[in-house]
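Trainee: What follows is a single structure, and I will ask about it in a moment.
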Amino acid sequence: MKALMLITTMFFIIYSSHAGPSKYEEAMQENISKLYASRTVEEYQEVINKFDRIAAMETDKWEPLYYAGFGYIMMATESKEATVKDKYLDLALEKITAGTKLQPQESELIALEGFVHMIRVTVDPATRGAQYSGLSMQAYGRAVELNPDNPRALYLMAQIEYGTAQFFGSDTGEACAKLELAIEKFDTYVPDSPLAPAWGKGGAIASMERCK
Amino acid sequence: MRNIITTFILGFITMAVQGQTEITGRVTDGRGGPVIGANIFIVNSYDGTSSDAKGAFNFSTSEQGSQLLRVTCIGYETYETPVGLSAEKLNLSIPLIEKVDRLEAVVISAGSFTAGEESSREVLKPLDIVTTAGATADVAGALNTLPGTQKVGETGRLFVRGGEGSETKTFIDGIEVLNPYSSSAPNTPGRGRFSPFMFSGTSFSTGGYSAEYGQALSSALVLRSKDVPDETRTDISLMTVGADVSHTREINAGAFAGKLQYTNLTPYFEAVSQRIDWERAPQSMEGNFMLRKELTQKHELKLYSNFSWSDFVIYQPTILDESIKDKIDLTNNYQYINTSLKTIVNNQWSVLSGISYTNSIEKIKLNGEKNNEREEGVHIKTVVANDVSEKFSLLLGGEHFIRSYTYENAALPDERPGFDLDLTAFFAEADLYTSNRFVSRAGVRAEYNWMQNRFYAVPRLSVGYKTGENSQMSVAYGQFNQTGRNDLVRVKNNLEDEEADHYIINYQREENGRTFRIEAYYKNYNNLIKFTQAYNPESYTNSGEGYARGVDVFWRDNKSLKGVDYWLSYSYLDTERDYRNFPSYAVPSFASGHNFSAVFKYFINSLKTQVGGTYSYSSGRPYNNPNLDTFNSEKTADYHDLSLNASYLLKSNIIVHGSVTNVLGLDNIFGYESSDRPDENGQYVLKAVKQPASRFIFLGMFITLSKDKSVNQLPTL
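Residue numbers (my numbering), protein chains in the order written: chain A, 451 to 662; chain B, 1419 to 2135.
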């Protein structure tokens, strides 16, 4: 009986000590899968709302803010009107900034910030190209500096380097080498958390086609 | 013991069962329509959901007792309500209030064309100014392709909606600029002194502008100086007409940039024959200096200065006898300095104070006789802006102008006509957003002119209404006043200001990279300066008057054709005046009834080249033939011009740019000048005013040196 009580108590202690995080992780994991499966503006808004609800509770966690920001970037790419794209990108940056306040050294957040600037360029390349591609390059540089193994930072950086080289008609070799490294990292990099971002590999492999 | 365990287990089960409260409802906007994608949740829990396409929602929560339900959605104010959670199902109706968002809301577009880098709503981008063919990187040249302007090719200035060139005032960071155009030989176009590369934004208003801008009868051109970038680089330009070098350097909490330019048209005029007999082709030396420094987190200092020296000598045949030539030797010295301090007090309050000094000395030797003109000016201005809320903002300001003008004429050595003008002004303006769809702006401007001892108070009113997702209408009314031109006020100092009333109605539609604009206006001029004898102050009065009315249409499209961006402008103008030395109401010689421009730009990716073309048309302009009875009754032939340009990216940091104006070489006539007295047959002789050369060809190479090799002058070209 004593043993049973001990086990029960232990079970409760273990359960209660894990109750918070696991509820968080469970909710996050479910929603992250939903995010990756989303295709329309409405679907993205719905998962962003969920991340917002989690972020409002878990005020010390950067992940919900990261994914909400990523969702807004996706919404921007799904939209056609320039003003609408800009609005979503503003919201994405708002989330990312809130995230970097909690975790200033997080390579994933910095890389995502660079992604926002990169999408801004596509809204109006002629006017914004110079300014925003510079900002985006800076952010990727910092993200790689913070974590040289971050495959997303390497992949995005390779993307912008490839575009620049192609525009100016210079050699794309350096960009392609970086892309290859990114693909390698996608396979080998083991994140320290089950909630860590996992997107980008498909895009990187697709981009590799251009290098062949 | 068993009981304890049972209780534990039971407790868990009941908690799980009891915890479910179902909450359903609908989220609506102010007009009962559904709000899609709103976030509905119980504060301090994960429980919540999003509203669907009908605004409906449905979720269950395990929270208990009295809780707070929050609803958030982009574009709406956050909504909160306390809810009591028990087993009972809740049904809620949630009305959201639309949030006024300045980026989303209607803007007052009547009379105004803005060009900026930030907003994707802008009609024109700074880049457009420099890539417009035929404009040869001149601000006024590019703006002349917009509706509301008249082509007056022999001056190079902006003539807006039946107004003279002097009725357009230029401001840099809100501070007035005197003499914004470089000096040029009679009937040859002058260029703007300020390079478009120096500005990040341009707001060109063709009427009905803010109470902040005074002493401009027809138009305000507001240039926003560039934030000097925090990056060290050197730019070198080699051109057929000269060379320049500029350097930008990052400093502690700021940056400075300097540019030196030397132009000399001698080699060009040697190669391409000119109609003008130049003794010494125009040459100029120009320097620009900019500084930006953050003094503290709340204070930012900006300094901008421009100095230039230019000179030329020409022989101009007299109209009556072409073999007799007047020798005109002109030297101009110009200095402009503008300093401003921006203070952000807090989220609501900001203060911008600035001071500018202009000094322009023009020395003209006409056949060896000196005619010197000097204008000096100081403008001090402070503007306080208060964003009381998203819905209401206030602008208050005060300014003082000092202007001193003297004219020295060798023929009249004892007389030195001129004037000293002091003017104090205050203005206040309020913007009220009733919703994202409706905005009204009311302003008033009060001026005291110490030279005239006269007080002026003028109202400015405008409203904007969003008629649909992408379309809007604006209406504007305003009264405007401006002290007469230097060459008139110098004869009689206490002439009153000239006055104009503007009435404007505008419709604008912007969708998917396409913009359509139509604007109708009526302008009423009064108090215009009138005289019978040019040198007799007694004959000067403010009894002149006039009107201008018309329709401006603008279409821009950068989506329909891949890589192509084009715009079309058409302006219809009907204007008459009875002013200056006019014997009666007549159409002024600068006014043409129909103006049309088509601007085309195409980026060829495979060639790394941007090509551009501009076609301009303007119907005949009136001119006076003194041999006829009726004043200004003759008309010139229509004006046509086709200009082309191309920029080629040679290397990532080298750009080659070339442009040709009037490719077809048409012999355009701007107007006619008549002899000051009749010839031996009793007839006045008329002489056509033509372009100085049929074409102008420009070639240049622009090189950028920086650590990051991919940086080039493309953003500025």
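Glycine included, C-beta positions come from ideal geometry on N, C-alpha and C. Please read all numbers here as calculations on a predicted model, not as lab measurements.
Any idea what DSSP makes of L596/A, helix, strand or coil?
Mentor: helix
Trainee: Does P1513/B come out as helix, strand or coil in the three-state DSSP assignment?
Mentor: The answer is strand: DSSP assigns P1513/B an E or B state.
Trainee: Using only alpha-carbon positions, find the residue among A487/A, Y494/A, K500/A, E563/A that is nearest to M476/A.
Mentor: Strictly speaking, residue 476/A in this sequence is Glu, with Met absent from that position. Considering only alpha carbons, the answer is K500/A.
Trainee: Short of 7 Å Cβ to Cβ, which residues in the stretch 506-524 of chain A face chain B?
Mentor: Residues of the stretch 506-524 of chain A with a C-beta atom less than 7 Å from some C-beta of chain B are M507, listed in chain order.
Trainee: In angstroms, rounded to a whole number, what distance separates the CA positions of I1742/B and V1731/B?
Mentor: 16 Å
Trainee: Shorter than 7 Å from the beta carbon of G1466/B to some beta carbon of chain A?
Mentor: Chain A, which has a Cβ nearer than 7 Å to the Cβ of G1466/B, makes this yes.
Trainee: Take E1740/B as the anchor and find which of D2097/B, I2121/B, G1502/B has the nearest alpha-carbon.
Mentor: D2097/B
Trainee: Does the stretch 1741-1757 of chain B come into contact with the stretch 2109-2117 of chain B, if we say contact requires no fewer than three beta-carbon pairs (one atom in each stretch) closer than 8 Å?
Mentor: With the cut-off at 8 Å, the stretch 1741-1757 of chain B and the stretch 2109-2117 of chain B do not touch.
Trainee: In the structure shown, what three-state DSSP assignment does E1506/B receive?
Mentor: coil
Trainee: Taking Cβ-Cβ distances shorter than 7 Å, what residues in chain B pair up with K635/A?
Mentor: Near K635/A there are no residues of chain B at all, since even the closest Cβ is about 25 Å away, more than 7 Å.
Trainee: Mind listing the chain A neighbours of F1459/B? Cutoff is C-beta to C-beta under 7 Å, in chain order.
Mentor: R503
Trainee: Would you report the Cα separation of D1996/B and F1531/B, rounded to the nearest angstrom?
Mentor: 30 Å
Trainee: Once you ignore the five residues that flank Q1438/B on each side, which residues in its own chain have a CB closer than 7 Å to its CB?
Mentor: S1478, S1480
Trainee: Here's the rule: buried if 16 or more other CB atoms are within 10 angstroms of the residue's CB, otherwise exposed. What is F1475/B?
Mentor: That one is buried.
Trainee: Would you call D1970/B buried or exposed, if buried means 16 or more other Cβ atoms sit within 10 Å of its Cβ?
Mentor: Using a 10 angstroms sphere on the CB of D1970/B, the tally of other CB atoms reaches 16 or more, which defines it as buried.
Trainee: Between the stretch 1560-1569 of chain B and the stretch 2003-2013 of chain B, are three or more C-beta pairs nearer than 8 Å?
Mentor: The stretch 1560-1569 of chain B is in contact with the stretch 2003-2013 of chain B.
Trainee: Nearest chain B C-beta to Q609/A closer than 7 Å, yes or no?
Mentor: no
Trainee: Using 8 Å for Cβ pairs, my map puts S1664/B next to S1702/B. What's the rounded Cβ distance?
Mentor: With a Cβ gap of about 16 Å, S1664/B and S1702/B do not count as contacting.
Trainee: Should E1793/B go down as buried or exposed, given a rule of 16 or more other Cβ atoms within 10 Å for buried?
Mentor: Label assigned to E1793/B: buried.
Trainee: Check whether the Cβ of Q553/A lies closer than 7 Å to any Cβ atom in chain B.
Mentor: no
Trainee: If we define contact as Cβ-Cβ less than 7 Å, is S2070/B a contact residue for chain A?
Mentor: yes
Trainee: Measure from the C-beta of E476/A to each C-beta in chain B and report whether the shortest distance is under 7 Å.
Mentor: no
Trainee: Assuming the contact rule is C-beta atoms closer than 8 Å, E1697/B and Y1733/B should be a hit. Round their C-beta distance to whole Å, please.
Mentor: About 6 Å; that satisfies the 8 Å criterion.
Trainee: Answer yes or no: does any C-beta atom of chain B fall closer than 7 Å to that of F565/A?
Mentor: no
Trainee: Using the C-alpha atoms, what's the distance from M607/A back to E624/A?
Mentor: 11 Å
Trainee: Please go through the same chain and pick out, in chain order, the residues whose beta-carbon is closer than 8 Å to the beta-carbon of V636/A, but skip the five residues on each side of it.
Mentor: Correcting the residue type first, residue 636/A is Phe in the shown sequence and not Val. Taking C-beta separations shorter than 8 Å and ignoring five residues to either side along the sequence, the partners of F636/A in its chain run P601, Y605, G650, K651, A654, following chain order.
Trainee: Quick check: is the beta carbon of N499/A nearer than 7 Å to any beta carbon in chain B?
Mentor: yes
Trainee: Out of curiosity, what's the CA-to-CA distance linking L1841/B and F1819/B?
Mentor: 5 Å
Trainee: What are the complete beta strand (DSSP E) segments, minimum 3 residues, inside the stretch 2078-2133 of chain B?
Mentor: With a minimum length of 3 residues, the continuous beta strand (DSSP E) runs that stay inside the stretch 2078-2133 of chain B are 2087-2092, 2104-2108, 2114-2124.
Trainee: Does any residue of chain A have a CB that is nearer than 7 Å to the CB of L1545/B?
Mentor: yes
Trainee: Return the Cβ separation of A1918/B and S1723/B in integer angstroms, given the expectation that the two are a contact with Cβ distance under 8 Å.
Mentor: 33 Å between Cβ atoms; not a contact.
Trainee: Buried or exposed: which applies to I633/A, given that a residue is buried once 16 or more other Cβ atoms fall within 10 Å of its Cβ?
Mentor: buried
Trainee: Relative to the C-alpha of I2022/B, which residue among I569/A, F618/A, L629/A is closest?
Mentor: The option with the nearest alpha carbon to I2022/B is F618/A.
Trainee: Is T527/A close to chain B, meaning its C-beta is less than 7 Å from at least one C-beta of that chain?
Mentor: For T527/A, no Cβ of chain B is located within less than 7 Å of the residue's own Cβ.
Trainee: As a quick exercise: from Y1686/B, G1660/B, P2044/B, pick the residue whose alpha carbon is nearest that of E1704/B.
Mentor: G1660/B
Trainee: In chain order, what residues of the same chain lie with their CB nearer than 7 Å to the CB of G1443/B, ignoring the 5 residues before and after it?
Mentor: F1475, N1509, L1510, S1511, I1512
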